[in-house]
Amino acid sequence: MNPITAFLTIACLAVGAAFGAMGRPYRGIPFVIAAIIIAPALKMANTWEKFVILRAGKLRDVKGPGLFLIIPVIDNVVAIIDERIQTTAFSAEEALTKDTVPVNVDAIIFWFVHDAQKAALNITNYREAIDRVAQTSLREMIGSSMLSALLSERNVADQLLRDEIGRKTADWGISVKSVEIRDVAIPVALQDAMSRQAQAEREKQARVILGSAEAAIAGKFVEAAMTYADHPTALQLRAMNIIYETTKERGATILIPTAMVDSMNPVVALALAGQNNAPKKSDGPASLNTAPSNESL
């Protein structure tokens with residue numbers, strides 16, 4: 004009994020009892036009768052509810068929301084339908100995928116009743132039916148899907164389930180808003196195999212990236228070598244920069260060949276360049292003592 008009906012019933016009974024206490028029971032009898040009629044006749048549906056009413060076994064109307072009256076005894080409220088969005092969790096255990104891998108899948112469905120008359124009259128228990136249909140559709144979807152697709156394409160699987168369950172429940176006045184797969188559990192042995200496969204794929208990709216980087220670096224070195232060949236001064240400046248970089252740390256001892264030190268002397272570098280460009284004598288090339296020695300910096 005809703006609060007309004009309860010208040011009116013109690014009020015009528017109180018007035019009838021008051022007249023009886025005053026010694027005027029004939030005036031209180033109508034209020035008692037009104038209370039007896041109001042209690043079963045006045046109904047109130049909340050804004051999310053629909054009342055399905057039968058009159059003498061036949062459908063009379065679907066009422067709600069708000070207050071309405073029915074005829075006691077003749078009219079009967081057979082169902083109160085909640086039209087808010089409902090959630091139902093369902094699962095499939097040890098279901099085989101298309102590639103014969105056993106998986107355990109947990110999912111949840113969001114649905115609502117869009118036709119209260121069908122939900123009340125076309126099926127005995129629509130809540131239980133939703134659960135059974137969802138489980139059956141989930142097993143059918145798993146059996147027609149490969150494991151890799153089931154793991155990587157969750158959105159596609161959710162859409163397939165939503166369409167399939169919605170098609171089966173449309174005659175019951177039920178609409179499926181969405182279906183979400185929460186978890187896909189696979190055997191531990193298969194998890195280890197898939198982990199090793201993923202690790203091998205990552206190593207392969209890392210080696211490919213490293214090879215590409217080595218090729219790019221080698222190309223840059225070739226470009227630098229061509230630049231230094233055409234510009235000896237640039238090579239000399241680069242050599243000086245290398246020596247500076249290696250001697251920044253204090254207390255370090257660096258051994259540098261004499262030839263490298265001489266290459267940083269412009270006079271010696273020019274002399275060596277001129278000697279290399281001089282014409283050879285008939286009795287053989289001129290000799291130049293360039294035996295390297297080590298100097299300590």
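If you count the sequence shown from 1, you need to add 3 to reach this note's numbering. Every residue gets a Cβ at the ideal spot worked out from N, C-alpha and C, and that includes glycine.
Within 8 Å, strictly: CB atoms of residue i and residue j
| i | j | result |
| --- | --- | --- |
| Val81 | Val106 | no |
| Ile40 | Pro75 | yes |
| Asp186 | Asp109 | yes |
| Ala92 | Arg142 | no |
| Lys175 | Asn128 | Inspection of the sequence shows that residue 175 is occupied by Trp rather than by Lys. Not closer than 8 Å, so no. |
| Ser151 | Lys101 | no |
| Leu163 | Met144 | yes |
| Asp161 | Val136 | no |
Own chain partners of residue i with C-beta closer than 7 Å, once the 5 adjacent residues on each side are dropped
| i | result |
| --- | --- |
| Ala59 | Ile77 |
| Gly26 | none |
| Leu193 | Val104 |
| Ile83 | Glu52 and Phe54 |
8 Å CB neighbourhood of residue i in its chain, flanking five on each side removed
| i | result |
| --- | --- |
| Asp85 | Trp51, Glu52 and Val116 |
| Thr8 | Ile41, Ala42, Leu45, Lys46 and Met47 |
| Pro28 | Phe22 |
| Tyr231 | Ala237, Leu238 and Arg241 |
| Asp134 | Thr91 and Phe93 |
| Asn49 | Gly67 and Pro68 |
Distance, residue j Cα to residue i Cα
| i | j | result |
| --- | --- | --- |
| Met197 | Ile184 | 21 Å |
| Lys171 | Met4 | 35 Å |
| Phe71 | Ile36 | 19 Å |
| Thr236 | Met243 | 11 Å |
| Ile246 | Leu240 | 10 Å |
| Phe10 | Phe34 | 13 Å |
| Glu204 | Arg210 | 10 Å |
| Ala132 | Thr139 | 11 Å |
| Leu238 | Glu217 | 23 Å |
| Ala173 | Ile13 | 44 Å |
| Met229 | Lys207 | 33 Å |
| Cys15 | Ile73 | 19 Å |
| Leu153 | Gly222 | 44 Å |
| Gln202 | Asp166 | 36 Å |
| Ala17 | Arg130 | 42 Å |
Whole-angstrom C-beta distance between residue j and residue i, which should lie under 8 Å
| i | j | result |
| --- | --- | --- |
| Ala38 | Gly19 | 7 Å |
| Val179 | Ile168 | 5 Å |
| Ala123 | Ile177 | Not confirmed; about 12 Å, so no contact. |
| Leu62 | Asn79 | The pair is not a contact, with the Cβ atoms about 11 Å apart (cut-off 8 Å). |
Cβ shell of residue i (< 6 Å), same chain only, five flanking positions each side left out
| i | result |
| --- | --- |
| Ser155 | none |
| Arg157 | Ile184 |
| Arg30 | Phe22 |
| Val65 | Lys53, Val55, Ala119 and Gln120 |
| Leu213 | none |
| Glu226 | none |
| Ile3 | The structure shown does not extend to residue 3, since the chain spans only 4 to 300, so no value can be given for it. |
| Phe224 | none |
| Gln313 | An answer regarding residue 313 cannot be provided, because it is not within the stretch 4 to 300 covered by the chain. |
| Glu97 | Pro105 |
Contact with chain D by residue i, beta-carbon distance below 8 Å
| i | result |
| --- | --- |
| Arg135 | Among the chains of the structure shown, chain D does not appear; only one protein chain is present. |
Query raised in the report: Quick one: complete beta strand (DSSP E) runs, 3+ long, within the region 6 to 63?
Result: 45 to 48 and 52 to 58
Query raised in the report: At what residue ranges does the region 164 to 201 contain a whole run of the beta strand (DSSP E), taking only runs of 3 or more?
Result: 177 to 188
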